[in-house]
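Heads up, the sequence shown is in the working numbering, so the first residue is 1183 and it goes up one at a time.
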Amino acid sequence: MFRQFALIIGITYFGNIVSDVWQLPIPGTVVGMLILFFLLYFKFIKLSSVEAAADTLIYNLAFLFIPPAVALIAKLDVLRDTWWQILLITVVSTVVTLLATGYTADILIRKGKK
């Protein structure tokens, strides 16, 4: 499994390099995950090459939210003035995401029945 983690981290690091060199407005970690997606999609890398490590990361995903949560708590004085704006943005974006997901799933289900 060490090789699988090394592969995921290596591709993510390469994404950081690409993002920095090309000065992309997208974070390097996102670029790395897009690279990994395309490598898997076009079968340059087999799913079994990263599956166990990816499953482990997904299984322990809740632990990865602890550092950002602590950082938010440390900045409560900043959030105190803008909490209602953050709440509004969160609610609106959640509703839009739910509607878009439902609409897309509906289209795909209808296509599948044809």
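Ideal Cβ positions, reconstructed from N, Cα and C, are used throughout, including at glycine.
With a Cβ-Cβ cutoff of 8 Å, do residue i and residue j count as a contact?
i	j	result
Val-1213	Ser-1231	no
Gly-1192	Met-1215	no
Met-1183	Ala-1234	yes
Ile-1190	Leu-1218	yes
Leu-1229	Leu-1239	no
Using the rule of at least 16 other Cβ atoms within 10 Å of the residue's Cβ for burial, across every protein chain shown, is residue i buried or exposed?
i	result
Ile-1268	exposed
Leu-1206	exposed
Leu-1290	exposed
Helix, strand or coil, according to DSSP, for residue i in the structure here?
i	result
Ile-1227	coil
Val-1260	helix
Val-1232	coil
Ile-1208	coil
Can you tell me where the alpha helix (DSSP H) with residue i in it begins and where it stops?
i	result
Asn-1198	1184 to 1203
Ala-1256	1248 to 1256
Using the C-alpha atoms, what's the distance from residue j back to residue i?
i	j	result
Leu-1258	Trp-1265	9 Å
Gly-1294	Ala-1253	44 Å
Thr-1286	Val-1274	18 Å
Thr-1194	Val-1203	14 Å
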